[in-house]
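Numbering (my numbering), first residue to last: 133 to 368.
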């Protein structure tokens with residue numbers, strides 16, 4: 133992309149002293165994998181695509197359903213019934229045609245996680261179950277990939293950066309996943325659509341800070357309580 137085109141599209145980011153043209157080029161040259169194109173993945177995908185992340189991978193194996201639309205903002209009524217990855221691709225191409233989109237329409241498990249993750253610089257975990265979260269974490273540790281983590285339920289959310297420049301990982305704060313048999317989830321308790329927008333935007337912000345080498349608070353978990361509007365940071 134020509135310098136003039138970069139400036140025309142991304143001028144409001146380039147105007148930020150800490151980013152500038154050098155930071156924007158880092159964004160354009162970055163490769164980010166977003167795992168999950170649902171409530172959390174949607175705002176992450178939206179803001180990374182709009183920021184100009186050069187290669188954006190999206191991994192998901194579900195189809196868009198009508199009840200997704202209250203929070204999964206990259207999908208719409210016209211994409212109900214098609215795969216979330218295809219729907220994400222349509223959104224990205226309409227928003228920013230200069231991005232290389234890599235769609236991964238398969239469930240991530242022990243047989244493919246390492247291969248899928250290895251081709252990207254940064255991994256963003258927007259998955260919705262503990263088994264996948266711990267798998268992603270462990271593979272990122274093995275491959276030395278920074279991981280941006282987020283989770284939501286009801287009115288609450290969590291955000292952290294794991295495994296970046298020698299920082300701690302998910303197992304350092306939660307050594308083992310809880311039993312999922314009796315755990316509540318969004319299907320049973322619901323979620324207010326703006327919550328994943330808040331948490332996902334925070335995840336996108338952290339991802340862009342990693343890419344542009346901006347200061348980060350590592351080994352800290354941010355807990356978001358939107359019902360009582362409280363934000364707490366816990367060291368681990």
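Quick reminder that beta carbons are idealized off the backbone N, C-alpha and C, glycines included.
Option nearest residue i by Cα separation, candidates the options
| i | options | result |
| --- | --- | --- |
| residue 274 | 143, 263, 245 and 137 | 245 |
| residue 298 | 348, 238, 240 and 153 | 348 |
| residue 283 | 161, 248 and 266 | 266 |
| residue 76 | 334, 306 and 300 | Here the chain has residues from 133 to 368 only, and residue 76 is not among them. |
| residue 164 | 258, 206 and 198 | 258 |
| residue 293 | 330, 337, 285 and 252 | 337 |
Near the ligand ZN: residue i beta-carbon under 7 Å from a heavy atom
| i | result |
| --- | --- |
| residue 150 | Looking at this structure, you won't find the ligand ZN or any other ligand, since it has none at all. |
Close-in-space but distant-in-sequence residues of the same chain around residue i (CB under 8 Å, 5 per side omitted)
| i | result |
| --- | --- |
| residue 156 | 138, 142, 145, 146 and 184 |
| residue 296 | 278, 279, 342, 348 and 350 |
| residue 255 | 164, 165, 167, 249, 268, 272, 277, 278, 279 and 280 |
Residue i, buried or exposed, once every other Cβ within 10 Å from all chains shown has been counted against 16
| i | result |
| --- | --- |
| residue 311 | exposed |
| residue 278 | buried |
| residue 140 | exposed |
| residue 276 | exposed |
| residue 307 | exposed |
| residue 208 | exposed |
Cut-off 6 Å between Cβ atoms - residues of its own chain near residue i, not counting five sequence neighbours on either side
| i | result |
| --- | --- |
| residue 357 | 288 |
Chain-order list of residues whose beta-carbon lies under 7 Å from that of residue i (same chain, five-residue window excluded)
| i | result |
| --- | --- |
| residue 178 | 205 and 206 |
When you compare the segment 168-185 with the segment 339-357, are there three or more beta-carbon pairs, one atom per stretch, that lie closer than 8 Å? yes
Write down every uninterrupted run of the alpha helix (DSSP H) in the segment 136-210 whose length is 4 residues or greater and which is fully enclosed by it, in chain order. 152-160 and 173-183
Ordered list of beta strand (DSSP E) runs contained in the segment 307-363, each at least 3 residues: 352-357
For the segment 255-270 against the segment 210-224, do three or more pairs of beta-carbon atoms, one drawn from each stretch, fall closer than 8 Å, so that the two count as touching? no
Taking 8 Å as the threshold, find out whether the segment 321-328 comes into contact with the segment 194-209 through three or more Cβ pairs. yes
Please give the ranges of any beta strand (DSSP E) in the segment 203-266, keeping only runs that are unbroken, at least 3 residues long and fully inside the region. 232-236 and 254-257
Below 8 Å, how does it come out for the segment 186-193 and the segment 161-174: are there three or more Cβ pairs, yes or no? yes
Hey, which unbroken runs of the beta strand (DSSP E) at 3 residues or more fall wholly within the segment 278-310? 279-285 and 288-294
Under 8 Å: do the segment 239-253 and the segment 220-230 share three or more Cβ pairs, one atom per stretch? no
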